[in-house]
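Chemist: Would you mind keeping the following structure in view while I ask a few things?
Number of protein chains: 2
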Amino acid sequence: MVPGMSLADQPPAAVLVFQTLLVHGSLTRAEIGRRTGLSAGAVTKAATPLLADGWITELGRPAGERASGRPATPMAVRADRARFVGVKVTGDELIGVLTDLTARPLASRRAALDSRDVGTVVLAIARLIGQLRAAAGAEGDDAVHSVGVTISGDVDGQTGTVQYSPFLDWRRVPLAQLVESASGIPTVIENDVRALTVAEQWFGAGVGLSSFALVTVGAGIGCGLSIGGRVVSGAHGVSGEVGHLPVGGTDRTCTCGNTGCVETVASTHAITEQARQATGDPALTMEEAVRLAHADNAAVRAVFSRAGHVMGLAMASVANLIGPERIIISGEGAASYDLFADQIRQTFADHAFGAAADCDLVVRPLPFEEWARGGAAVAAQRVFAPAK
Amino acid sequence: MVPGMSLADQPPAAVLVFQTLLVHGSLTRAEIGRRTGLSAGAVTKAATPLLADGWITELGRPAGERASGRPATPMAVRADRARFVGVKVTGDELIGVLTDLTARPLASRRAALDSRDVGTVVLAIARLIGQLRAAAGAEGDDAVHSVGVTISGDVDGQTGTVQYSPFLDWRRVPLAQLVESASGIPTVIENDVRALTVAEQWFGAGVGLSSFALVTVGAGIGCGLSIGGRVVSGAHGVSGEVGHLPVGGTDRTCTCGNTGCVETVASTHAITEQARQATGDPALTMEEAVRLAHADNAAVRAVFSRAGHVMGLAMASVANLIGPERIIISGEGAASYDLFADQIRQTFADHAFGAAADCDLVVRPLPFEEWARGGAAVAAQRVFAPAK
DNA sequence: CTTCCTTACTTTCCCTTGGAAAGGTATGGT
DNA sequence: ACCATACCTTTCCAAGGGAAAGTAAGGAAG
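Protein chains in written order, with the UniProt record's numbering: chain A, 1 to 388; chain B, 1 to 388.
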């Protein structure tokens with residue numbers, strides 16, 4: 001990868017042009033000028049080195065052509081210009097994906113984690129990266145540009161340190177550096193939900209929005225916020241902790257010691273537990289609960305309905321506070337979204353104040369690899385959005 | 001005001017220099033260079049036209065001098081370079097202040113509103129502006145640079161339109177234009193809480209923070225958010241609607257039709273009403289309630305305590321979602337803050353998740369003129385923060 | 001077929017901006 | 001008197017992007 005590993009050394013206009021293409025897929029120079037406010041000359045000037053370096057490419061004439069005038073030459077990002085590996089670390093397994101520059105998955109691998117020991121996990125990550133690198137077609141060591149590792153908890157992406165991870169019980173682990181040493185590839189780390197938010201902002205349902213929130217429903221309930229093109233990090237590393245908003249009533253106690261947390265009602269675990277109580281079957285699984293609910297079991301339906309209500313309250317809280325353009329509902333739990341949907345929308349509409357109700361709710365069921373893709377997106381972002 | 005009405009035509013570096021001085025009070029060129037990252041030469045270059053135009057001024061030697069080297073020449077913003085009028089419109093009165101460039105009040109006036117008719121209110125605003133202009137010392141018509149009008153509700157500052165004001169029952173009123181015509185002075189409008197947030201960001205407890213939230217307690221409960229130096233507006237004009245977060249329990253119904261809204265428990269009105277129930281005195285006033293609480297009336301104290309609890313929950317929600325560096329508690333209600341304080345802090349500490357609890361809580365009791373000052377700050381901001 | 005028109009893209013020139021570095025200046029110390 | 005030490009100024013210079021003129025490519029009109 002000889003000429004330029006990132007766009008950091010390009011002028012601002014070139015970065016703008018590239019990002020515009022990244023987000024819009026394929027545009028002519030004239031159109032880029034219109035969208036970015038750059039002059040026509042500036043676009044040409046910026047695009048030339050990008051073309052030379054292989055970051056973007058000119059496309060053939062598009063089908064629908066205008067009647068008169070010189071035909072336009074659309075351009076697009078060359079997604080294969082760089083490859084990234086994203087790794088999501090959970091308490092018991094690793095999920096890895098190999099992606100192109102647009103964070104599109106090319107291959108994926110999983111690996112079980114039998115220990116939460118830092119050294120062991122780092123080695124497992126390095127091994128996973130190696131497998132994905134091999135899957136890439138093995139064009140030499142530098143086929144993968146960089147690696148993004150994501151993990152839930154308090155992660156400081158600047159210093160590359162995991163401040164605290166509840167699932168792994170890690171504190172102050174300089175993970176980025178460790179993985180970098182073990183794998184030999186530049187590595188960045190980020191909180192998992194924020195990474196997913198980055199992925200949505202650039203390549204998903206958040207493209208082009210001035211602000212959006214991403215709510216993930218699963219083992220925990222998370223929320224990423226993107227405002228004005230920046231993912232909110234929180235002054236102390238905490239943000240989007242929607243799982244502990246105190247809106248759920250007083251009957252269930254959370255691991256954090258409080259009552260009413262959204263997680264006590266709407267997490268996968270909480271739903272399973274409540275369904276067990278409702279049915280009297282102490283071995284009921286989430287899948288069975290979903291089946292019962294679909295079969296119109298009133299008691300189990302009530303559990304899902306309550307979860308939907310609480311999620312609706314949480315989303316209304318987000319909408320009332322931030323006023324995002326859109327809320328994206330995602331996570332493993334989104335698979336059984338039909339069970340929550342009506343209740344979420346109903347509660348949201350009731351509690352969103354005034355124009356906040358105009359916020360649109362979008363569901364995006366996400367395969368588990370998507371989590372790992374977030375890491376790749378964060379890594380890719382370093383390439384095309386330098387010095388954020 | 002001949003040479004330059006605003007900094008919009010100055011190079012970015014000059015704007016930076018000015019803002020740095022505005023926020024830090026008084027700095028030497030060298031120090032400005034260090035803080036902004038500009039080179040020494042660039043600072044001199046930027047400062048020269050600012051000095052020539054009277055935006056800033058050089059100060060005499062400071063007392064504490066270094067031992068060796070050429071003495072530094074501190075500079076500071078010339079606050080008297082421009083004057084602004086801020087007007088806060090409530091349902092029954094206008095509050096106006098005349099301020100300097102740093103939004104420091106020079107004079108204030110109030111005027112009762114006997115009608116909510118748009119034309120009447122606009123005339124009253126224009127009259128108030130006239131009085132304040134006279135108070136300025138009447139150095140001619142252009143003594144006041146511009147006017148900022150603030151009003152609660154859904155306000156679109158870009159177009160200068162009040163989309164909806166519950167207190168005045170206005171819809172789609174192009175207030176900025178109307179006031180501008182009636183007063184002959186350029187006018188901007190903004191939501192009252194956001195305006196106050198702007199004032200705090202530049203001139204108050206929010207100076208220099210990467211993010212903060214401003215919670216106002218009074219007739220309503222409001223919240224302004226500043227993230228990364230920008231006040232959050234919400235995609236649909238709604239943001240910071242902390243008053244309708246559903247954390248208050250189910251026993252009291254809000255004007256919005258829901259139960260549990262913060263406002264149903266913690267607004268001045270709600271507290272008075274609850275105190276009346278608690279004492280059985282249907283004519284009890286807020287002042288009397290405060291007195292009773294200070295006299296250790298258990299029932300009334302419980303009312304304040306519950307209000308504090310709910311406010312603590314609301315602030316914890318803000319902290320969990322946004323992760324601000326600081327939460328500023330303000331508004332008329334902050335005067336009797338001692339009655340809420342313990343409960344707020346207790347509840348906040350309990351419900352703020354992890355490092356979100358590191359967010360510092362600051363109380364800033366605010367005189368009612370402060371609301372009007374917000375308007376002046378918004379007007380002033382147009383001068384020194386062009387093209388936000 | 002020639003000419004003209006329209007639109008897209010390219011080139012050239014210029015202005016603005018801000019950095020680097022060297023020079024100037026005010027002070028205290030020797 | 002000379003120096004050391006900052007601070008401030010000046011002078012250059014390079015980069016970025018705008019404006020406008022020039023070029024390319026196709027269609028339409030005569």
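Glycine included, every Cβ here is placed at the ideal spot set by N, Cα and C.
These numbers come from a predicted model, not from an experiment.
Alpha carbon to alpha carbon, how far is B/G153 from B/W371? Give it in angstroms, no decimals.
Modeler: For B/W371 and B/G153, the distance between alpha carbons rounds to 14 Å.
Chemist: Tell me the rounded alpha-carbon separation between A/A356 and A/L209.
Modeler: Each residue's alpha carbon lies about 15 Å from the other.
Chemist: I want to see whether chain B comes within less than 8 Å of A/N320, judged by CB atoms only; does it?
Modeler: Yes, its Cβ sits closer than 8 Å to a Cβ of chain B.
Chemist: So, helix, strand or coil for A/D141, using DSSP?
Modeler: Legend: pLDDT at A/D141 = 48, less than 50; position of this residue unreliable, value from coordinates given subsequently. If DSSP states are grouped into helix, strand and coil, A/D141 belongs with the helices.
Chemist: Does DSSP classify B/N320 as helix, strand or coil?
Modeler: Note: B/N320 maps to helix in three-state DSSP.
Chemist: With a threshold of 7 Å, establish whether the CB of B/V217 neighbours any heavy atom of the ligand ADP.
Modeler: No copy of the ligand ADP occurs in the structure displayed, which carries no ligand at all.
Chemist: Between A/A213 and A/A352, what straight-line distance do the alpha-carbon atoms span, to the nearest angstrom?
Modeler: Straight-line Cα distance between these residues: approximately 14 Å.
Chemist: Is B/A199 close to chain A, meaning its C-beta is less than 8 Å from at least one C-beta of that chain?
Modeler: So, not an interface residue.
Chemist: Is any beta-carbon of chain A found at less than 8 Å from that of B/I129?
Modeler: Not one chain A Cβ lies under 8 Å of B/I129.
Chemist: When DSSP builds the beta bridges, which residues end up paired with B/A111?
Modeler: According to DSSP, which records beta bridges pairwise, B/A111 is partnered with B/L94.
Chemist: How about the region 152 to 172 of chain B and the region 329 to 347 of chain B: do they share at least three Cβ pairs that are nearer than 8 Å?
Modeler: As far as the Cβ criterion goes, the region 152 to 172 of chain B does not touch the region 329 to 347 of chain B, which means the pair count is below three.
Chemist: Can you name the start and end residues of the beta strand (DSSP E) that A/R364 belongs to?
Modeler: Segment D360 to P365, the beta strand (DSSP E) holding A/R364.
Chemist: 8 Å is my cut-off, CB to CB: does B/R230 come that close to chain A?
Modeler: It does; some Cβ of chain A falls within 8 Å.
Chemist: Got a sec, what are the start and stop residues for the alpha helix (DSSP H) A/E288 sits in?
Modeler: Element bounds for A/E288: M286 to H294.
Chemist: Could you tell me which residues DSSP pairs with B/P246 in its beta bridges?
Modeler: Looking at the DSSP assignment, B/P246 forms a beta bridge with B/C261.
Chemist: Distance check for A/I227 and B/G69, CA to CA, integer angstroms please.
Modeler: Going from the Cα of B/G69 to the Cα of A/I227 covers about 46 Å.
Chemist: Could you give the first and the last residue of the continuous alpha helix (DSSP H) run that contains B/E190?
Modeler: Counting along the chain, B/E190 falls outside any alpha helix (DSSP H), though it belongs to the beta strand (DSSP E) covering T187 to N191.
Chemist: Between the Cα of residue 460 of chain A and the Cα atoms of A/Q381, A/R306, A/A270 and A/G374, which residue gives the shortest distance?
Modeler: Nothing can be reported for residue 460 of chain A: it is not among the residues displayed for chain A, which extend from 1 to 388.
Chemist: Any Cβ of chain A within less than 8 Å of the Cβ of B/N297?
Modeler: No, B/N297 lies away from the interface with chain A (no Cβ there is under 8 Å from its Cβ).
Chemist: Taking only beta-carbon positions, decide if B/V17 is within less than 8 Å of chain A.
Modeler: No, B/V17 does not count as interfacial toward chain A.
Chemist: Could you tell me which of A/A316, A/L321 and A/A278 sits nearest to residue 389 of chain A, measuring between CA atoms?
Modeler: Residue 389 of chain A is absent from the structure shown; chain A starts at 1 and stops at 388.
Chemist: Beta-carbon separation of B/A46 and B/A13 under 8 Å?
Modeler: It is a contact, given that the beta carbons lie within the stated cut-off.
Chemist: Is the CB of B/F167 under 8 Å away from at least one CB in chain A?
Modeler: Cβ-Cβ to chain A under 8 Å: no for B/F167.
Chemist: So B/N191 contacts chain A; which residues on that side make the cut at Cβ distance below 8 Å?
Modeler: Going along chain A, no residue has its Cβ under 8 Å from B/N191, so there is no contact; the nearest lies around 12 Å.
Chemist: Against chain A, with Cβ distances strictly below 8 Å, would B/H145 count as a contact?
Modeler: No, B/H145 lies away from the interface with chain A (no Cβ there is under 8 Å from its Cβ).
Chemist: Please report the residue range of the alpha helix (DSSP H) in which A/L50 lies.
Modeler: A/L50 -> alpha helix (DSSP H) spans A40 to A52.
Chemist: Quick one: give me the first and last residue of the beta strand (DSSP E) that A/A213 is part of.
Modeler: Unbroken beta strand (DSSP E) run through A/A213: S211 to V217.
Chemist: Please name the residues in the region 238 to 254 of chain B whose beta-carbon is closer than 9 Å to at least one beta-carbon of chain A, in chain order.
Modeler: Correct list: V238, S239, G240, E241, V242, G243, H244, L245, P246, V247, G249 and T250.
Chemist: Run through chain B and tell me which residues come within less than 7 Å of A/E325, C-beta to C-beta.
Modeler: In chain order: A235.
Chemist: By alpha-carbon positions, which one of B/V118, B/E241, B/A377 and B/V85 ends up nearest to B/A134?
Modeler: When only C-alpha atoms are compared, the closest one is B/V85.
Chemist: In chain order, what residues of the same chain have a beta carbon less than 8 Å from the beta carbon of B/V15, not counting five sequence neighbours either side?
Modeler: Counting only Cβ-Cβ distances below 8 Å, and skipping sequence neighbours, we find L7, F384, A385 and P386.
Chemist: Hey, could you find the ends of the beta strand (DSSP E) B/E58 is sitting in?
Modeler: Per DSSP, B/E58 belongs to the beta strand (DSSP E) from I56 to E58.
Chemist: Along the beta strand (DSSP E) that carries B/T161, what are the first and last residues, could you check?
Modeler: Segment T161 to S165, the beta strand (DSSP E) holding B/T161.
Chemist: For A/A221, which residues does DSSP report across the bridge?
Modeler: As written in the sequence, residue 221 of chain A is Ile, which differs from the Ala given in the question. Answer is A/V217.
Chemist: Quick one: which chain B residues come within Cβ less than 7 Å of A/F348?
Modeler: In chain order: nothing, as chain B lies at least about 11 Å away.
Chemist: If you drop the 5 nearest sequence neighbours on each side, which residues of the same chain put their C-beta closer than 8 Å to that of A/E58?
Modeler: Hits under 8 Å: L51, T73, P74 and M75.
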